[in-house]
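From first to last, the protein sequence lines stand for chains A and B. Following my numbering, the numbering of the first sequence begins with 1 at its first residue and continues without gaps. Following my numbering, the numbering of the second sequence begins with 1 at its first residue and continues without gaps. Glycine included, C-beta positions come from ideal geometry on N, C-alpha and C. Computed from a predicted model, the values in this text were never measured in an experiment.
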Amino acid sequence: MNVTRFLSRNWLVSYAVVYMVLLYLPALLLPLFAFNSSTIIAFPLKGFTLEWFGVLIETKALHKAVQNSLIIALITSAISTLLGILGARAIVRFRFPLKRGIVGLIMVPLILPEIIVGVSLLVLLMQIGISLSIWTVIAGHVLICLPFSVAILSSAFQGLDPSLEEASMDLGETRFGTFRRVIFPLILPGIISSMLITFTISLDEFIIAFFLTGTDVTLPVYIWGQMRFPAKLPSIMALGTILLLLSIFLLVLGELFRRRSARRQGKSTSPTGGLV
Amino acid sequence: MSENAIIEIEDVSKSFGSVTALSGVDAIIREGEFFSLLGPSGCGKTTLLRLIAGFDEPTGGTVSIAGEPMAGKPANMRPTNMVFQSYAIFPHLSVGENVGYGLKKKKMSRQEIADEVTRALAMVDLAGYGDRAAHELSGGQRQRVALARALVMKPKVVLLDEPLSALDKKLREQMQIELRQLQKQIGITFILVTHDQEEALIMSDRIAVLFEGEIAQLDTPEALYRRPVNKRVASFIGVMNFMPATVTASSDTAMSVNIPSLGQVDLRADQLPEGLNPAAVDTIGVRPEMLTILFDESETAEREAPGEVTSASYCGDMTYYSVLLAQADEPVTISMRNTTGRSILTPGTQVRVGWGHESVVLFD
Chain A
1 MNVTRFLSRN WLVSYAVVYM VLLYLPALLL PLFAFNSSTI IAFPLKGFTL EWFGVLIETK
61 ALHKAVQNSL IIALITSAIS TLLGILGARA IVRFRFPLKR GIVGLIMVPL ILPEIIVGVS
121 LLVLLMQIGI SLSIWTVIAG HVLICLPFSV AILSSAFQGL DPSLEEASMD LGETRFGTFR
181 RVIFPLILPG IISSMLITFT ISLDEFIIAF FLTGTDVTLP VYIWGQMRFP AKLPSIMALG
241 TILLLLSIFL LVLGELFRRR SARRQGKSTS PTGGLV
Chain B
1 MSENAIIEIE DVSKSFGSVT ALSGVDAIIR EGEFFSLLGP SGCGKTTLLR LIAGFDEPTG
61 GTVSIAGEPM AGKPANMRPT NMVFQSYAIF PHLSVGENVG YGLKKKKMSR QEIADEVTRA
121 LAMVDLAGYG DRAAHELSGG QRQRVALARA LVMKPKVVLL DEPLSALDKK LREQMQIELR
181 QLQKQIGITF ILVTHDQEEA LIMSDRIAVL FEGEIAQLDT PEALYRRPVN KRVASFIGVM
241 NFMPATVTAS SDTAMSVNIP SLGQVDLRAD QLPEGLNPAA VDTIGVRPEM LTILFDESET
301 AEREAPGEVT SASYCGDMTY YSVLLAQADE PVTISMRNTT GRSILTPGTQ VRVGWGHESV
361 VLFD
């Protein structure tokens, strides 16, 4: 069938196609220019090269930034998920005074502009006299990641039949043993989801990291710094390509794991991909 | 009476905030009996079961199990095990792992646990199901796994929270009999929570009927059915026809009761429920099967009253008639067995209704 005719008849489909193309095409430009031998980011392409990837391997400052980012993302996702488990558990299972207000406060960073969070945290840290390091970045990242952890883990706890916990206690198990043998394995998919999401958020977060990072810059801050030098642009493209592949790999891995565990529990796999 | 008591409940009350779920409940549950807590939803029966299990603590009073007060003892320290309404089968564990879950806390070798699990599964007719995943089971099988998981712990008391309510009718009836047989065979005390009066009658040695957080009557199934203490218990268990009546004369051995729709009758004094003042009697009750329709002239009864059939419901083995007695405002229900040669009466038929002094229960 004639493509133009098909699209004009199915305007909703055409709209969706255009939307997807505009959304994802820029990302596909990254690998395109990463292998282009010209130093200028423009069409037409000149030739194929692996030179820019070689540059990445030789740049020591980049390695340091990647290392910082990975450390920050790992610690952030661990802290945020741990706090998320505690918070979600309290929100789903218990009633306590000012519950709505407290839940609201946890969720506020979702809608607060990051630049305001970044500036105010910076001012606060300066006032207290804490010097900037990867730990200040971690603190900022935990703040913005926590709403995601709490939301993901709340839905994991909501799917848990409370009588399972009672059954475990009834069979002689302690509270901690019940957590270890029943609750933890059943919310594990939620925990992994939470860790993946917060890891990703922290890894590519720029604004807060920009304000709170000291001499140990994170990867996004490093990339931003390199943008000032046009000659470095192709190697940034190469770096972006690696990051793109890495995040696709992580997402696929997370989804595979989630499906396996859902199948084991006999639940149907949800269309939201288990993230929410 | 308390010589072989396994559970003693003394003046137990429980409130959730401003809501009173139980107040002043006293009961003694004997070792080895099948005891039911029966009542409509919201009557506090599940709350009482949870107090026994240790999931909640009473607001007042004490629960003792095997002579030991349970105050402050959480569920994992009590010699009771529960079969949950939802069965609460651990979805991430196999059938065998579910059944062996509690044994891991006991000092037992791997082999001993495996043997106990096999034995427990055989007991509930699930031999060979140990490796199945929990989600591969049907509702009836899940119920059996939950039971095996409780029994394998060798508890002093097994608590069952409406375990059959999720099953379809046929399976439920079959499980009622199986559960009862299993209980007799192993001799462990079972406490069943149910809202199904028929289920309670079929399975129990004794039944406590609860309304609004209080025990209305604690008795054997037969006594509950034949001598309910008040109108509410009478209409909750089975069907009861109520008619206005007054006691016209009473002595230590006998009393005379006037029932306008049936007639005058002399009752034995022991037919008066304990604690009931003869002067307070204003109603009598008659079960549908305690009234008979006299089909031909040759049939007789101790007493007779004229009436007219207003409707008939045919149920295969039985027919339920509504009969308007001569002096009554509302029709009574009469159940008749459909034996050979008995046709179904049509509305409008004039009939003689047979009854006797044994049919009558007195209420205030």
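{"Item": "Cα-Cα separation between residue 81 of chain A and residue 110 of chain A, rounded to whole angstroms", "Value": "16 Å"}
{"Item": "Delimiting residues of the alpha helix (DSSP H) encompassing residue 313 of chain B", "Value": "Careful: residue 313 of chain B lies outside any alpha helix (DSSP H), inside the beta strand (DSSP E) at 303-314."}
{"Item": "Residue range of the unbroken alpha helix (DSSP H) whose run includes residue 97 of chain B", "Value": "95-100"}
{"Item": "Residue 228 of chain B in three-state terms, based on DSSP", "Value": "coil"}
{"Item": "Burial state of residue 98 of chain B, where buried means 16 or more other Cβ atoms lie within 10 Å", "Value": "buried"}
{"Item": "Alpha-carbon spacing of residue 122 of chain A relative to residue 85 of chain B, whole angstroms", "Value": "54 Å"}
{"Item": "First and last residue of the uninterrupted beta strand (DSSP E) at residue 173 of chain A", "Value": "Residue 173 of chain A -> no beta strand (DSSP E), and no H or E assigned at all."}
{"Item": "Cβ contact (3+ pairs, closer than 8 Å) linking the segment 39-46 of chain B and the segment 112-126 of chain B", "Value": "no"}
{"Item": "DSSP three-state assignment for residue 107 of chain A, whether helix, strand or coil", "Value": "helix"}
{"Item": "Chain A contact for residue 365 of chain B (CB, 8 Å cutoff)", "Value": "A question about residue 365 of chain B goes unanswered here, because the residues of chain B that appear run from 1 up to 364."}
{"Item": "Contact set between residue 16 of chain B and chain A, taken where Cβ atoms lie within less than 8 Å", "Value": "Ordered by position in chain A, no residue passes the 8 Å Cβ test against residue 16 of chain B, which lies about 11 Å from the chain."}
{"Item": "Closer than 8 Å to chain A by CB, residue 34 of chain B", "Value": "no"}
{"Item": "Min CB distance residue 1 of chain B to chain A below 8 Å", "Value": "With a pLDDT of only 42 at residue 1 of chain B, under 50, the local geometry of the prediction cannot be trusted, and the value read off the model is given with reservation. Taking Cβ atoms only, chain A never reaches closer than 8 Å to residue 1 of chain B, which makes this a no."}
{"Item": "CA nearest to the CA of residue 107 of chain A, picked from A/241, A/154, A/75 and A/125", "Value": "A/154"}
{"Item": "Rounded C-alpha distance that separates residue 256 of chain A from residue 2 of chain A", "Value": "38 Å"}
{"Item": "Interface flag, residue 156 of chain A vs chain B, CB-CB below 8 Å", "Value": "no"}
{"Item": "Residues of its chain near residue 331 of chain B, where Cβ-Cβ distance is below 7 Å and the 5 sequence neighbours each way are ignored", "Value": "310, 322, 323 and 324"}
{"Item": "Local Cβ density within 10 Å of residue 363 of chain B, reported as buried at 16 or more and exposed below that", "Value": "buried"}
{"Item": "Residues of its chain near residue 354 of chain B, where Cβ-Cβ distance is below 6 Å and the 5 sequence neighbours each way are ignored", "Value": "292, 294, 301 and 304"}
{"Item": "Per-residue DSSP class, three states only, for residue 154 of chain B", "Value": "coil"}
{"Item": "Inter-stretch contact (C-beta, 8 Å, three-pair minimum) for the segment 15-31 of chain B and the segment 240-253 of chain A", "Value": "no"}
{"Item": "The segment 206-213 of chain A touching the segment 166-180 of chain A, judged by at least three CB pairs closer than 8 Å", "Value": "no"}
{"Item": "Same chain, Cβ closer than 8 Å to residue 199 of chain A, five either side skipped, listed in chain order", "Value": "73, 74, 76, 77 and 250"}
{"Item": "Assigned exposure category for residue 218 of chain A - 16 Cβ within 10 Å defines buried", "Value": "buried"}
{"Item": "Residues that residue 133 of chain A bridges to, as DSSP identifies them", "Value": "DSSP, once it has assigned bridges, lists no residue as partnering residue 133 of chain A."}
{"Item": "Cβ contact check for the segment 190-205 of chain A and the segment 45-63 of chain A: 3 or more pairs under 8 Å", "Value": "no"}
{"Item": "Any alpha helix (DSSP H) of 4 or more consecutive residues that is wholly inside the segment 4-86 of chain B", "Value": "45-53"}
{"Item": "Buried/exposed call for residue 6 of chain A, threshold 16 Cβ in 10 Å", "Value": "exposed"}
{"Item": "Spatial neighbours of residue 242 of chain B in its chain, beta-carbon cut-off 6 Å, leaving aside the 5 residues before and after", "Value": "283 and 285"}
{"Item": "CB contact check: residue 92 of chain B to chain A, cutoff 8 Å", "Value": "yes"}
{"Item": "contact_flag[the segment 333-350 of chain B, the segment 249-262 of chain B] where n(CB pairs < 8 Å) is 3 or more", "Value": "no"}
{"Item": "Sequence-distant residues of the same chain with beta carbon closer than 7 Å to residue 314 of chain B, five excluded per side", "Value": "344"}
{"Item": "Residue from B/198, B/79 and B/212 with nearest C-alpha to residue 22 of chain B", "Value": "B/212"}
{"Item": "Beta-bridge partners of residue 19 of chain A, as assigned by DSSP", "Value": "Answer is none; residue 19 of chain A lacks a bridge partner."}
{"Item": "Spatial distance of residue 185 of chain B from residue 318 of chain B (CA atoms)", "Value": "34 Å"}
{"Item": "Test: residue 165 of chain B CB closer than 8 Å to a CB of chain A", "Value": "no"}
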